[in-house]
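With the sequence shown counted from 1, adding 259 to any position gets you the numbering used here. Below is one structure, written out as structure tokens; the observations come after it.
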Amino acid sequence: MSQIDLSIIVVTYKEGLDILKDCFDSVLKSENVNFELIISDNGASDATRGLLGSYDNSTYLRNKNNLGFSAAVNRGISIARGRYILLLNPDTRFSSDVLAKMITHLDDDATVGIASCVIEYPDKSLQASIRRFPQLTDQLFVMFKIPHFIKQNKIIDRYMMRDTDPHRTQDVNSIMGAFMFIRREVIEQIGYLDERYFIWFEEVDYCKMVHDKGWKIRHYADVQVMHYKGHMFDKIGTVQKQKWIRQSMRKYMRKHEGQFAWFVLWFLSPLFIALGYLAAFIKKDEK
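If you want it as structure tokens, here you go:
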């Protein structure tokens with residue numbers, strides 16, 4: 260199997276044709292990089308499937324059902340030929356030099372196992388794409404919706420890395436999975452993503468495993484990617500999203516923070532469920 264620079268894996272679900280076309284056009288316009296595009300489809304419409312199967316230099320994997328993000332990514336990794344793997348959300352766009360810049364950065368420093376860049380909204384405002392590893396305290400704050408009422412607090416500020424400058428290239432704990440470069444040697448050492456995560460926390464879990472093996476997780480500030488963020492999840496109800504978040508959070512805590520952290524989150528689950536329904540009601544009322 261001949262090796263190339265980059266294997267780009269895009270997991271699709273129920274995105275609109277315009278969103279997907281913008282993403283794939285960005286990929287295909289990329290310059291000075293030898294890449295392949297692998298599309299792992301978790302449930303696109305018939306019209307979308309026609310689009311997905313029409314791109315040159317691409318491999319289309321139609322999953323029989325919605326496998327979740329990790330399992331769909333792993334199907335792509337299993338056939339990838341690149342020196343680097345890029346996990347790319349379908350609601351992203353970037354300029355033609357972005358992929359080449361990232362590969363140059365990674366070629367220049369072999370200690371970097373995972374990398375990303377500045378992630379922006381369409382209006383150029385910054386997305387919170389770098390974080391420290393989750394701890395029980397900050398995740399309780401998240402589940403109790405405290406950041407919705409108290410915007411500035413030390414616990415969440417620390418977790419969200421608000422004490423650092425996102426416009427500075429730096430090593431971090433974890434990065435957003437919307438645009439995530441992984442070195443092939445990392446996959447050969449660590450393995451694939453943990454498929455016990457259906458959605459959410461899978462990229463944090465992988466960053467944690469990679470970090471614990473001594474690799475660096477790097478945020479490059481001289482590269483920018485536009486991300487709509489949440490475009491796919493807008494089609495999923497708030498209650499279902501909250502359920503997936505709770506499940507993935509407990510799995511992460513049990514794996515990396517221990518049984519006590521898992522038990523606390525499990526014990527408080529009924530309260531978190533009630534808060535999830537309240538959030539759904541408020542969101543519906545706002546519409």
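Where is the CB? At the ideal position from N, CA and C, for every residue including glycine. Keep in mind it's a predicted model, so treat the numbers as computed, not measured.
CB of residue i within 9 Å of CB of residue j, strictly
i: F460; j: P393; result: yes
i: F438; j: L345; result: yes
i: G335; j: S266; result: yes
i: P425; j: L365; result: no
i: D422; j: I476; result: no
i: G312; j: K273; result: no
i: R342; j: Q262; result: yes
i: D350; j: K514; result: no
i: M468; j: I449; result: yes
i: R442; j: V357; result: no
i: F403; j: I415; result: no
i: I532; j: Q501; result: yes
i: T307; j: L287; result: no
Sheet register partners of residue i (DSSP bridge)
i: R442; result: Y343
i: C376; result: Y479
i: E295; result: S266
i: N463; result: For clarity, residue 463 is Val in the given sequence; the question names Asn instead. Paired residues: none, contrary to the question.
i: I434; result: I389
i: D300; result: T271 and R321
Assumed close pair residue i, residue j - CB separation to whole angstroms, cut-off 8 Å
i: L279; j: L320; result: Actually they are not in contact, since the Cβ atoms of L279 and L320 sit about 15 Å apart, beyond 8 Å.
i: M508; j: L530; result: That pair is no contact at about 14 Å.
i: A359; j: E290; result: 6 Å
i: K413; j: Y456; result: That belief does not hold up - the Cβ atoms of K413 and Y456 are roughly 28 Å apart, past 8 Å.
Neighbourhood of residue i by C-beta distance below 6 Å, restricted to the same chain and skipping five residues each side
i: N348; result: A437
i: K546; result: At K546 the pLDDT is 49, less than 50, meaning the model places this residue with poor confidence; the figure from the coordinates comes in the next sentence. No residues qualify anywhere along the chain.
i: V463; result: S433
i: L527; result: none
i: C282; result: P349 and T351
Residue from the options whose Cα sits closest to the Cα of residue i
i: D481; options: C466, G535 and T363; result: T363
i: A548; options: E454, Y487, I458 and K488; result: The question about residue 548 has no answer, for the chain in this structure spans 260 to 546.
i: E447; options: V401, Q499 and K472; result: K472
i: V269; options: N293, T318 and S299; result: S299
i: A548; options: F408, I409, D367 and R417; result: Missing from the structure shown is residue 548; the chain here goes from 260 to 546 and no further.
i: N325; options: Y465, I458 and C466; result: I458
i: Y451; options: T318, K323 and I338; result: I338
7 Å CB neighbourhood of residue i in its chain, flanking five on each side removed
i: M420; result: I389, R390, R391 and V431
i: A594; result: Residue 594 lies beyond the residue range present for the chain, which begins at 260 and ends at 546; the question has no answer from this structure.
i: L565; result: With the chain covering only 260 through 546, there is no way to say anything about residue 565.
i: Q483; result: C376, V377 and E379
i: M485; result: T351, R352, F353, E379 and P381
i: N316; result: E295 and L296
Cβ neighbours of residue i in the same chain (closer than 8 Å, five flanking residues each side left out)
i: S304; result: K273
Near the ligand ZN: residue i beta-carbon under 8 Å from a heavy atom
i: G275; result: Questions concerning the ligand ZN fall outside what the structure shown contains, since it holds no ligand whatsoever.
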